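What follows is a single structure, written as structure tokens, with notes after it.
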Amino acid sequence: KVLVMKKEYKIKGKVWLYPSSTSGGSGWNFVTLEKKLSEEIRSKYKTGFVKIEAKLGKTIWNTSLFPHKQSKSYLLCIKNNVRKAEGVFVGDEIVVKIKIILET
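By the count of our numbering, the sequence shown reaches residue 376 at its end, each step adding exactly one.
Shown next, in the form of structure tokens:
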């Protein structure tokens, strides 16, 4: 399989804690993509999970965008090790660059 990086997008949003997680910021943390961007990604690539490379500050990691039925948008999970490395907390406004990964 060959991984092909597609267009780069910038996501701006507030970090929030998944409701069923424990308090204190130790649970699953997400940023919700804007609906317009979510629709563009969905129409160009596919529905369901979308593999991406994400960059926050100096930290780069591979993950997926999660479809979220309630908001009709994609969610980006901000891993705990990424948050710690970049000093990000629940409620912070962040900018993440993402690249869609397509397997050929």
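Positions of the beta carbon are idealized from the N, C-alpha and C atoms, including for glycine. The model shown is predicted, which means the values in this text are computed figures rather than measured ones.
Near residue i, what residues of its chain come up, given a Cβ to Cβ distance below 6 Å and the 5 sequence neighbours on each side ignored?
i      : result
GLU358 : LEU328, GLY329 and THR331
Can you name the start and end residues of the alpha helix (DSSP H) that residue i belongs to?
i      : result
SER310 : 307 to 316
In the DSSP output, which residue or residues are listed as bridge partners for residue i?
i      : result
LYS284 : VAL367
ASN353 : Its beta-bridge partners do not exist; DSSP assigns none.
TYR290 : According to DSSP, which records beta bridges pairwise, TYR290 is partnered with nothing at all.
If I follow the unbroken beta strand (DSSP E) through residue i, where does it start and stop?
i      : result
PRO339 : 331 to 340
PHE361 : Careful: PHE361 lies outside any beta strand (DSSP E) and carries neither H nor E.
PHE321 : It is not in any beta strand (DSSP E) - PHE321 carries neither H nor E in the DSSP assignment.
How would you call residue i, buried or exposed, if buried means at least 16 neighbouring beta carbons within 10 angstroms?
i      : result
ASN301 : buried
SER310 : buried
SER343 : exposed
Compute the distance between the beta-carbons of residue i and residue j, then report whether it is under 9 Å.
i      : j      : result
LEU289 : LEU347 : no
ILE324 : ASN334 : yes
ILE370 : GLU280 : yes
Ignore the nearest five residues each way along the sequence and tell me which others in residue i's own chain have a CB closer than 8 Å to its CB.
i      : result
VAL303 : ILE283, GLY285, LYS286, VAL287, TRP288, LEU347, LEU348, ILE350, ILE366 and VAL368
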